[in-house]
Each structure stands twice: as C-alpha cells, then as structure tokens.
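Reviewing the structure listed below.
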Amino acid sequence: MTTFALIHGGGGSAWDWHLIAAELSKAGHEPIAVDLPCEDESAGWTEYVDAVVQATGTRGDVVVVGHSLGGFTAPLVCERIPVDLLVLVAAMIPAPGEAFADWWANTAHQESGDDDVFYHDVSPDIAAEARRRERDEASRALREPWPLDAWPDTPTRYLLCREDRMFPAPWARRHAQQRLGIDADEMAGGHYVALSRPRELAGKLMTYAAAAR
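Numbering (full-length UniProt numbering), first residue to last: 1 to 213.
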C-alpha cells in the first residue's frame, strides 16, 4: 500500500482530488488530500508544508503529488518527511530563492489567450462545482522566496498534459528540462486532469509508485 499525499494548485482545495482519491482507495492505497491555508494572509510556505506533514503523519511508503502551484509546496514536504517519490502534475517548478511573482517571467511563460484554461475538458457539472469551490490565494507564501537552496534529493517525475491550456505541452517539456534536467512524461488531458481523467491519472500515479519501490 502506498500513501499518496495530494497537494492542490492555486485557489484549489482537497476536493480537487476526490475522484483520484476514490480510484486510489479502490486499489487499496491511502490517498491524503490536503487543504492548504491559501486564504490565510499570515500563512507562509512553512504553514503550507505543516498542513501536508500533519495530515500525512508517520505513514510510510509516501508519494507526494503536486498539481500546478502545488509544485512549490511538494518538494518542501520532501525535506520534512521521508518520501519515496515526488510527482509533479502540470506543475510549476520553483528555483531556489524564487518568488511566485517572478516565476512567470523567469520561465518565459506566456498566456494561451483561451477563455477557459482550467476546465475546458471537464464535464460541465464537475466544472461548475469546481468553480463554486474555488478559494482566494491570498497567503503570505506567494510573496516569500522559495526557501530551498536546491531541489530535494528525492526521485522526481514530471507529468504534463498534452491539452493543457495553462501550461502548454511544448513549454512544459522545456520547463522540466531546464529546471530539473528530466524528460517529462505525457498524458492526454487539460490542466485539471484530476477532474477530467481521474482513472488515467490514478493509473499513472500507481505505476510510478510501483516502479519506485
């Protein structure tokens, strides 16, 4: 059994992972989806990591999964608890000392110009619920430099989504290479692949976990 610590993206919540959690639980794994304190203006990266570490507890065989902005938090967790594998899903990869506001220019990210960059391939009912559950990203963390001096010594996979309008595939391939020196894995789907293709994504995560043992 693998413990999957699931970290949502900016303005999201643990609910974003509910379809993935169901698939992982069905296969006998333990998913732990965490609500980060993104609406707390006093919360920094330490508080973000605390939320994940406290929820994970002393469980073993941990795989940390970070989606989108969750790519800033996920590697910090690897510095606090033993982690077998770090998986970044359509995620931002921070550099040492980099602030969220600077990341966009530093990575040469460009807006796609599409009206719907998040939910274009998510079923209408689930997309409507996702929009209803969106939270403000008002925390102090976004104004803090990313605190690590280097990427953690944890095996890392980057999974891009080929129909992602937020982080288009050509850009994401370069991002993984430039920041981590790794070739990105790929799957179909848009930015919120956890809501549009939960079975496929859960299958990828379980395959990664099995290979990491």
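Ideal Cβ positions, reconstructed from N, Cα and C, are used throughout, including at glycine. These numbers were taken from a predicted model, which means no experiment stands behind them.
Proximity of residue i and residue j at Cβ, strictly below 8 Å
i	j	result
M187	A27	no
L86	W45	no
Y119	A108	no
I7	G66	yes
I182	Y158	yes
S68	H191	yes
G11	R135	yes
L88	T154	no
P145	E98	yes
I20	A194	yes
Paired residues, beta bridge with residue i - DSSP
i	result
R157	V87
I7	V34, G66
M187	C161
A99	P145
Inter-residue spacing [alpha-carbon to alpha-carbon] between residue i and residue j
i	j	result
S139	C78	21 Å
D84	A14	22 Å
W151	F72	11 Å
W17	S25	12 Å
R213	V62	11 Å
P37	D164	26 Å
D50	D114	35 Å
H29	T3	6 Å
A74	A91	10 Å
D121	V34	24 Å
V80	V53	Before going further, note that residue 80 is Arg rather than Val in the sequence given. Going from the Cα of R80 to the Cα of V53 covers about 7 Å.
W103	P94	7 Å
N106	F100	10 Å
Y208	I32	17 Å
Per-residue burial, residue i [other beta carbons within 10 Å of its own, 16 or more giving buried]
i	result
M1	exposed
P124	exposed
R179	buried
residue 217	Nothing about residue 217 can be read from this structure; the chain reaches only from 1 to 213.
P82	exposed
message: Runs of 3 residues minimum, wholly inside the region 118-185: which ones carry the beta strand (DSSP E) assignment?
response: DSSP runs (the beta strand (DSSP E)) wholly in the region 118-185: 156-161.
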